[in-house]
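To keep things clear, I will list the structure first and then write my remarks on it.
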Amino acid sequence: MTMSEEASLEIVPPPIVRAFNRAFGKAAQKGIDLRPDAFRRRGELTTGLHDYGHPSFHEHLDSACRALHPNANLSPFGRFAAATFYHFHVENRLRIVDLLNQRPWLRDKEIVEPIFIVGFYRTGTTQMHNLLGADPRHRVAAAWELMSPVKLSRDPKRDGFLRRLRSRMIYDLSKIVVPEARVAHHVELEGPEEEFFLMENDFLSTTLMNTYQGWDYAWETLDWDMAPIYESLRQQLCILAEDEPERRWVLKTPYHLWHLPALYAAFPDARFVFTHRSVPEALASYCSLSAMTTSKFAVHTDLERIGRFWFDFYQEGMKRAFAARPLIPESQRIDVPLTALSKNPIGTLRAIYDYFGIPFAEAEQPIREKLEGLTQEAKAKGKHRYRPSQFGLSETKVVKAFSHYEAFYRELVERFPRTHEVAMGAYEVAR
């Protein structure tokens, strides 16, 4: 969309949430305990397990709970949803550690040459993930298995049913509560999703930042030792693919940009696809998505506070990402502007394959079929509309603050088609 298009934003909770808040207001505020000991007790009770693995887990859980328990702006429904979310991941953590204790060989198993799609939020990472994931030689993780990574039954059919059922609790809740999010970021239980779901089992949670106003927590995470978290991510990927033929993992989580050194240390032979987009558009788009979700769990939604937080957090992420990029050999990273992916997705994907020395012929038809499906979905769901001024940000201020990146992006838009011989046509997937 253009920055001048009229933008609307629904920040009123749906009727079901308002009814919950009226019915359970005082009881929820007083009766829902969001302290770490409460989550540990409940998790141990429902799983019968007690080993949490690396001691940093408790520090991370404590930090996450500090962000929520005293937060007076969390609505009664927000407290209920947060308690459900936290309990879900404490259970996951206990089951993961138990499985690794039973199968210690999974702790040291390697993930060979994965592809990580890393770009700031709203830069085309989801479309890139879907297209690269369409290659049958690639392994992507569906939302349901990311939400419930440990098998719940030895019988494959029963296991799939139980894990989907458990994951559907969270999935259906978000679908009912934030229906408009399908326009901005549609999640399918059976479709590929971000591996941050796995990282949330270590209580590194972008959901807490994006949905539950955990902004102080977000800044705290930047000082964490990320090595145990990325080690845990590698082990959880090994759990997901334990009984399968080896395929190349295709993964994507924008938040990796804030921690590239730790990501690269854990996956030193990974290939990195960096996606790029002009910051005023990307930042406004993500503020809009954050406001959509935050507003359903908060008593009051301050759009300008959302804008200030993400403006500052993006700046910190940009500084960290550009400082860390030289750690990754040029042969293992490629920069892709959203303009190229939008106007010539097949040519852009071919360029990525060629750059990394991966044969493209076998992948082309499945990718074309996936692209057709994405195009139809985009037409059906409508436009996501937003503008920086909704969040107290002027386009001029954003461009000035990110002037170095904007210059890099303009040069990349010109350079990428020439360097990789990608023709720029009129094709574009609606965003």
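Residue numbering for the sequence shown is 1244 to 1674, as defined by this note's numbering. Cβ coordinates follow ideal geometry from the N, Cα and C atoms, glycine included. Bear in mind the structure is a predicted one, so any value in this text is a computation, not a measurement.
Provide the residue span of the alpha helix (DSSP H) that contains residue i, from first to last.
i: Gly-1376; result: 1368-1376
i: Asn-1344; result: 1319-1345
i: Val-1393; result: First-last for Val-1393: undefined, no H or E at that position.
i: Glu-1485; result: Looking at the DSSP string, Glu-1485 is not in any alpha helix (DSSP H), and its letter there is neither H nor E.
i: His-1301; result: 1299-1311
i: Lys-1400; result: 1399-1420
i: Ile-1589; result: 1588-1599
i: Ile-1549; result: 1546-1567
i: Ser-1528; result: 1522-1537
i: Ser-1449; result: The question names Ser, yet the displayed sequence has Thr at residue 1449. It spans 1449-1453 - the alpha helix (DSSP H) in which Thr-1449 sits, taken as one unbroken run.
i: Ala-1666; result: Run containing Ala-1666: none; DSSP gives neither H nor E here.
i: Tyr-1460; result: 1458-1464
i: Phe-1282; result: 1279-1290
Under DSSP, the beta strand (DSSP E) around residue i begins and ends at which residues?
i: His-1663; result: Per DSSP, His-1663 belongs to no beta strand (DSSP E); it is in the alpha helix (DSSP H), 1646-1663.
i: Arg-1579; result: According to the sequence as given, residue 1579 is Val; it is not Arg. 1576-1580 is the extent of the beta strand (DSSP E) around Val-1579.
i: Arg-1491; result: 1491-1495
Could you tell me the alpha carbon to alpha carbon distance between residue i and residue j, rounded to whole angstroms?
i: Asp-1459; j: Phe-1446; result: 14 Å
i: Asp-1578; j: Gly-1616; result: 25 Å
i: Leu-1465; j: His-1502; result: 8 Å
i: Pro-1497; j: Asp-1341; result: 29 Å
i: Leu-1343; j: His-1297; result: 12 Å
i: Val-1665; j: Asp-1486; result: 39 Å
i: Glu-1249; j: Arg-1628; result: Any answer about Glu-1249 is weak, because its pLDDT of 44 lies below 50 and its placement is not dependable; what the coordinates show is given next. Roughly 7 Å between the two C-alpha positions.
i: Asn-1373; j: Pro-1347; result: 32 Å
i: Pro-1569; j: Arg-1576; result: 10 Å
i: Ala-1673; j: Ala-1621; result: Caution applies to Ala-1673, whose pLDDT of 38 falls short of 50 and renders its modelled position unreliable; the model cannot decide the point.
i: Thr-1245; j: Glu-1657; result: Because Thr-1245 carries a pLDDT of 44, less than 50, the predicted location of this residue cannot be relied on, and the following value inherits that uncertainty. About 20 Å.
i: Arg-1406; j: Phe-1323; result: 22 Å
i: Glu-1671; j: Leu-1337; result: Residue placement at Glu-1671 cannot be trusted, given a pLDDT of 48 that sits under 50; the coordinates are not used to answer.
i: Ser-1306; j: His-1663; result: 45 Å
i: Gln-1345; j: Gln-1479; result: 14 Å
i: Ser-1574; j: Leu-1546; result: 41 Å
i: Leu-1389; j: Phe-1328; result: 14 Å
i: Thr-1368; j: Leu-1584; result: 10 Å
i: Leu-1483; j: Gly-1635; result: 42 Å
i: Asp-1351; j: Ile-1610; result: 33 Å
i: Arg-1409; j: Asp-1555; result: 36 Å
i: Val-1255; j: Ala-1326; result: 22 Å
i: Glu-1559; j: Arg-1401; result: 45 Å
i: Leu-1592; j: Leu-1375; result: 8 Å
i: Val-1516; j: Tyr-1455; result: 29 Å
Identify every residue that forms a DSSP beta bridge with residue i.
i: Arg-1514; result: Ile-1358
i: Pro-1435; result: Ala-1385
i: Ala-1541; result: Leu-1317
Determine the closest residue to residue i out of the options, with distance taken between C-alpha atoms.
i: Arg-1365; options: Met-1412, Ala-1307 and Ala-1527; result: Ala-1527
i: Glu-1524; options: Trp-1387, Phe-1300 and Ser-1637; result: Ser-1637
i: Gly-1403; options: Ala-1266, Ala-1385 and Ile-1360; result: Ala-1385
i: Ala-1564; options: Asn-1453, Ala-1505 and Glu-1433; result: Ala-1505
i: Ile-1360; options: Glu-1353, Phe-1439 and Met-1412; result: Phe-1439
i: Asn-1444; options: Tyr-1557, Arg-1380, His-1301 and Pro-1357; result: His-1301
i: Leu-1304; options: Ala-1644, Phe-1599, His-1332 and Val-1641; result: His-1332
i: Leu-1614; options: Phe-1552, Thr-1536 and Gln-1370; result: Gln-1370
i: Ser-1521; options: Ile-1595, Met-1561, Gly-1274 and Lys-1418; result: Met-1561
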